[in-house]
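Please read the structure below before turning to the comments.
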Amino acid sequence: MDEFGVNLGQTRRYGRAQHGQRVCGHAPAKTEPNITLTIGLSLQGIVAPLASEGATNGVTFDTYVRTQLAPQLHPGDVVIADGLGHQRMRSVRQAVHDRGAHHWILSPYSPDLSPIEEAGAKIKHFIRAEGPRTMADVYEDFG
Numbered sequence: 021m022d023e024f025g026v027n028l029g030q031t032r033r034y035g036r037a038q039h040g041q042r043v044c045g046h047a048p049a050k051t052e053p054n055i056t057l058t059i060g061l062s063l064q065g066i067v068a069p070l071a072s073e074g075a076t077n078g079v080t081f082d083t084y085v086r087t088q089l090a091p092q093l094h095p096g097d098v099v100i101a102d103g104l105g106h107q108r109m110r111s112v113r114q115a116v117h118d119r120g121a122h123h124w125i126l127s128p129y130s131p132d133l134s135p136i137e138e139a140g141a142k143i144k145h146f147i148r149a150e151g152p153r154t155m156a157d158v159y160e161d162f163g
């Protein structure tokens, strides 16, 4: 499981134009608010997505795990977290263990061990390509 943020200023990083022509684009100066997408990744794909405004804190993450992620866990599943403070909370571990699953914390500085980082990068790439400019557009693009 992991979370990552997007905002209304997401736009393509590069563009193409005919030889001798300039690529023109637009990105808003005001990119607020930030939207955090929290997701899980299983062998079947993305599970338990939750989008929320602002940064993820302990209360938000605990609610996510108890209401979105834990109901989809089966005995023997392994939940891998990247070790942020809210991912190490006792209530989060307990919610995972109550479903018969295991809760593992990655060692520091090991994002290469987590394939969810690549999934998040692909989602952000898609959001940049769409260039949403309203909150409703961002939530629609997540769908």
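According to this note's numbering, the sequence shown is numbered sequentially starting from 21. Even for Gly, the Cβ is constructed at its ideal location relative to N, Cα and C.
Checklist entry - If we call anything under 8 Å between Cβ atoms a contact, is Gly29 one with Thr51? => result With respect to Thr51, Gly29 sits close: the two C-beta atoms are nearer than 8 Å.
Checklist entry - Pick from Lys144, Thr87, Thr83 and Glu138: whose alpha carbon is nearest that of Arg32? => result Measuring from the Cα of Arg32, the nearest candidate turns out to be Lys144.
Checklist entry - Since Asn27 and Asn54 are thought to touch, with beta carbons under 8 Å apart, how far apart are those beta carbons, to the nearest angstrom? => result A Cβ-Cβ distance of about 5 Å is found for the pair Asn27 and Asn54, placing them in contact under the 8 Å criterion.
Next on the checklist: Let me make sure I understand the geometry here. Which of His123, Asp102 and Ala139 has the alpha-carbon closest to that of Pro95?
Outcome noted: The residue with the shortest Cα to Cα distance from Pro95 is His123.
Checklist entry - Do Ala68 and Gln88 come within 8 Å of each other at the CB atom, strictly closer than that value? => result Contact check for Gln88 against Ala68 passes: the beta carbons are separated by less than 8 Å.
Item to check | First and last residue of the uninterrupted alpha helix (DSSP H) at Gly96 | outcome: Taken as a continuous stretch (DSSP letters only), Gly96 belongs to no alpha helix (DSSP H), as it is neither H nor E.
Checklist entry - What alpha helix (DSSP H) runs, 4 residues minimum, are completely inside the segment 54 to 115? => result Correct list: 78 to 84.
Checklist entry - Hey, Asp161 and Leu126: beta-carbon distance below 8 Å or not? => result No, Cβ-Cβ distance for Asp161 and Leu126 is not below 8 Å.
Item to check | Beta-carbon separation (whole angstroms), Asp82 vs Ser111, contact threshold 8 Å | outcome: Sure, about 5 Å apart at Cβ, within 8 Å.
Checklist entry - Quick one: what's got a C-beta closer than 8 Å to Arg108's C-beta in the same chain, skipping five residues either side? => result Excluding sequence neighbours, Arg108 sits near Ala101 and Ile125.
Checklist entry - Which first and last residues belong to the beta strand (DSSP E) in which Gly25 is found? => result Residue range Asp22 to Val26 is occupied by the beta strand (DSSP E) that includes Gly25.
Checklist entry - For His122, which beta-bridge partners are listed by DSSP? => result His122 pairs with Val98.
Item to check | First through last residue of the alpha helix (DSSP H) which encompasses Ala156 | outcome: Here the alpha helix (DSSP H) through Ala156 covers Met155 to Phe162.
Item to check | CA nearest to the CA of Glu138, picked from Cys44, Gly65, Ala37 and Pro48 | outcome: Answer by Cα proximity: Gly65.
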